[in-house]
Ligand code: SF4
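Chains as they are written, first to last, in UniProt numbering: chain E, 1 to 467; chain B, 1 to 186.
Here is the structure:
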């Protein structure tokens with residue numbers, strides 16, 4: 001087909017309300033998700049300008065970043081408390097449904113919104129949060145925005161924007177035992193680098209991607225932003241439709257079948273051209289863990305911490321030196337020899353039921369190493385409830401994990417879940433930047449399987465020895 | 001939004017590449033419900049040697065390495081930079097969301113070629129007191145001493161909004177009828 005369009009282009013074009021020649025598009029937004037951190041200033045601006053929220057019915061909210069996960073309702077920090085209360089008040093005053101601390105749906109925005117069926121194929125979805133890319137797993141065009149744009153969407157249900165170019169990341173093959181979607185994504189990031197996706201919407205294609213379940217697809221799309229991409233998406237298929245059936249925001253019965261018919265058309269045309277294409281051999285991907293302070297620094301457990309001396313580019317050499325200095329690890333050490341102090345299983349990358357099942361499979365009947373503090377933080381109350389139904393909480397608790405309430409927890413250092421200065425944390429979250437998990441905290445990013453195996457051993461461990 | 005057309009200022013440099021917004025302002029300072037007074041948290045976790053901030057207090061231009069402002073979408077990063085006094089950031093690349101956030105607040109992000117950025121770093125290193133003149137109208141970055149000029153690209157729509165200092169929301173609101181018409185068809 002000549003002039004074929006990519007999936008991202010199709011969704012974009014469907015949502016252009018108006019566009020002047022050479023100007024940006026006024027783009028319609030089908031779903032807007034709010035959390036307490038990036039919205040107070042937007043509501044304040046609405047009040048100041050005497051504006052209403054145009055479509056409260058297309059807007060939902062939750063609180064996650066500031067919420068303590070030991071006792072959710074006891075927010076000790078007065079500033080955190082104020083931020084959560086401000087959201088409650090804003091939602092009440094502007095007529096927005098809040099799935100807050102009194103709702104069974106409370107959770108990390110990017111975990112709870114899909115559970116509600118709020119994200120559907122072909123939609124445009126925004127949230128004042130870069131990991132909004134998660135929702136591309138449903139074949140939606142979902143991207144993070146700033147607070148000024150949050151205000152614009154609240155007031156007009158639109159943003160002013162120009163489209164990004166389309167990039168394809170194709171992963172063919174069969175995922176090996178012990179390898180998870182997280183490892184696939186760490187491999188993608190290692191290949192494209194942390195700015196390889198800048199200026200693009202990434203579409204993930206290939207047999208490995210198609211065979212992933214919807215939660216694994218969310219893990220992939222979630223970390224698109226770590227590659228610099230605004231959005232990551234995967235064409236919807238039966239796996240997507242099956243997940244959506246009977247969810248709260250999804251129409252049922254005949255209407256659902258009609259929707260599915262429409263959704264099936266959502267794919268990139270045969271003749272469409274991507275502006276950039278990257279291929280990975282999925283058969284060769286192994287469990288990875290990051291050594292540095294950027295998410296593209298994933299290497300295998302039996303590989304050595306790289307030596308900056310071998311880096312020819314001066315600024316990259318400096319960056320590596322700086323990262324090693326922050327991490328306080330020496331070149332030449334094998335990753336699997338590095339000890340850890342904390343384990344975090346959770347976040348919008350890996351805090352879903354299948355992630356907890358993965359980890360529990362290794363933890364069952366074993367004990368967390370006595371030197372390690374290990375937390376499981378379910379991504380949402382629903383994940384927590386479903387996991388408890390299966391008895392996963394008991395498996396973790398018996399092994400010595402703390403079983404927590406849902407929230408962003410130690411993925412971001414702004415709530416009570418604090419990791420002490422200088423400690424090493426192996427985390428299933430998405431960012432290992434300096435200070436991300438707290439001042440001086442050193443983060444290794446890896447999968448829930450790797451986190452489980454490492455919790456037992458007290459050092460970075462390839463999960464395959466337990467499988 | 002503050003209007004911006006011309007600026008002459010000294011420059012502060014940030015040597016590191018890939019400075020993410022967690023570095024620009026750490027998450028623990030995002031608990032605010034206002035946009036004000038965030039400048040004191042700028043690069044809070046860094047020691048002063050990491051930036052040039054001590055030498056050049058009062059400079060309105062920040063010169064950075066590639067991929068500045070990647071990571072989290074927090075607009076607080078922009079508010080902190082502006083509260084500190086910055087009006088312009090020059091780099092060879094920016095995080096997409098950060099770039100957007102900057103322009104929506106009247107903080108001009110200028111993208112130059114990698115080689116030009118290297119040259120600029122060289123010039124500032126030689127003389128940290130170099131004055132640079134930014135002219136948005138002519139899309140130029142000029143070194144005041146030696147007449148050297150670099151040209152940059154910027155979206156014409158955004159350029160005019162920056163120069164006028166007006167909020168984009170007004171533009172969208174002016175087309176409300178079209179939004180209503182669009183909504184009728186979904
Ligand atoms: S879990 Fe971490 S990355 Fe995800 S939304 Fe929360 S703070 Fe952001």
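Note that beta-carbon positions come from the ideal geometry of N, C-alpha and C, so glycine has one too.
| Item | Value |
| --- | --- |
| Start-end ranges of the alpha helix (DSSP H) lying completely within the region 129 to 217 of chain E, minimum 4 residues | 147 to 156, 181 to 192 and 207 to 210 |
| Cutoff 7 Å; reference residue 395/E; Cβ partners in own chain excluding five residues on either side | 360, 363 and 364 |
| Bridge partner(s) assigned by DSSP for residue 339/E | 459/E |
| Proximal residues of chain B, C-beta to C-beta of residue 241/E below 9 Å | Within chain B, no residue comes near residue 241/E; the closest Cβ sits about 20 Å away, beyond 9 Å. |
| Of the residues 76/B, 70/B and 59/B, the one placed nearest residue 42/B, counting alpha carbons only | 76/B |
| Alpha helix (DSSP H) segment containing residue 171/B, residue limits | 168 to 173 |
| Residue 67/E: first and last residue of the uninterrupted alpha helix (DSSP H) it sits in | From DSSP, residue 67/E is part of no alpha helix (DSSP H); its letter is neither H nor E. |
| Secondary structure of residue 352/E, DSSP reduced to three states | coil |
| Other residues of its chain near residue 73/B: CB distance less than 6 Å, five sequence neighbours each side excluded | 97 |
| Span of the alpha helix (DSSP H), counted from its first residue to its last, around residue 238/E | 238 to 244 |
| Residue 19/E - containing beta strand (DSSP E), residue span | 16 to 19 |
| Between the CA atoms of residue 6/E and residue 264/E - distance to the nearest angstrom | 14 Å |
| Three-way DSSP call (helix, strand, coil) for residue 383/E in this model | helix |
| 9 Å Cβ cut-off: residues of chain E touching residue 45/B | 434, 435, 439 and 440 |
| Sub-8 Å separation of residue 240/E and residue 346/E beta-carbons | no |
| Interface flag, residue 467/E vs chain B, CB-CB below 8 Å | no |
| Closer than 7 Å: residue 430/E CB and nearest the ligand SF4 heavy atom | yes |
| Residue 102/E classed as buried or exposed, judged by whether at least 16 other C-beta atoms fall within 10 angstroms | exposed |
| Contact test: residue 347/E Cβ vs the ligand ATP heavy atom, cutoff 7 Å | Among the ligands in the structure shown, the ligand ATP does not appear; only the ligand SF4 can be found there. |
| Exposed unless 16 or more other CB atoms sit within 10 angstroms - verdict on residue 190/B | Because chain B spans 1 through 186 in this model, residue 190/B falls outside it and cannot be assessed. |
| Alpha-carbon to alpha-carbon, residue 259/E and residue 242/E | 12 Å |
| Check whether residue 109/E and residue 202/E have beta carbons under 8 Å apart | no |
| Residue 108/B at chain E interface by Cβ criterion, 8 Å | no |
| Cβ shell of residue 221/E (< 6 Å), same chain only, five flanking positions each side left out | 133, 134, 136, 137 and 232 |
| Contacts around residue 24/B, its chain only, beta-carbon distance under 6 Å, and the 5 residues preceding and following it disregarded | 77 |
| Cβ-heavy atom distance, residue 63/E to the ligand SF4, below 7 Å | no |
| Sufficient close CB pairs (3 or more, under 8 Å) joining the region 79 to 90 of chain B to the region 103 to 111 of chain B | yes |
| Nonlocal neighbours in the same chain, by C-beta distance under 6 Å from residue 376/E, ignoring five residues either side | 345, 396, 401 and 403 |
| Reduced DSSP category for residue 112/B - H, G, I as helix; E, B as strand; rest coil | coil |
| Within-8 Å CB hit, residue 168/B to chain E | yes |
| Nearest neighbour of residue 445/E, chosen from 424/E, 392/E, 46/E and 21/E [CA to CA] | 424/E |
| Any alpha helix (DSSP H) of 4 or more consecutive residues that is wholly inside the region 62 to 112 of chain E | 78 to 94 |
| Residue span of the alpha helix (DSSP H) that contains residue 102/B, given as start and end | 96 to 105 |
| Residue 33/B: contacting residues in chain D (beta-carbon distance under 8 Å) | The chain inventory of the structure shown lacks chain D, comprising the protein chains E and B. |
| Residue-chain proximity (residue 168/E, chain B), Cβ-Cβ < 8 Å | no |
| Check: residue 109/E C-beta below 7 Å from any heavy atom of the ligand SF4 | yes |
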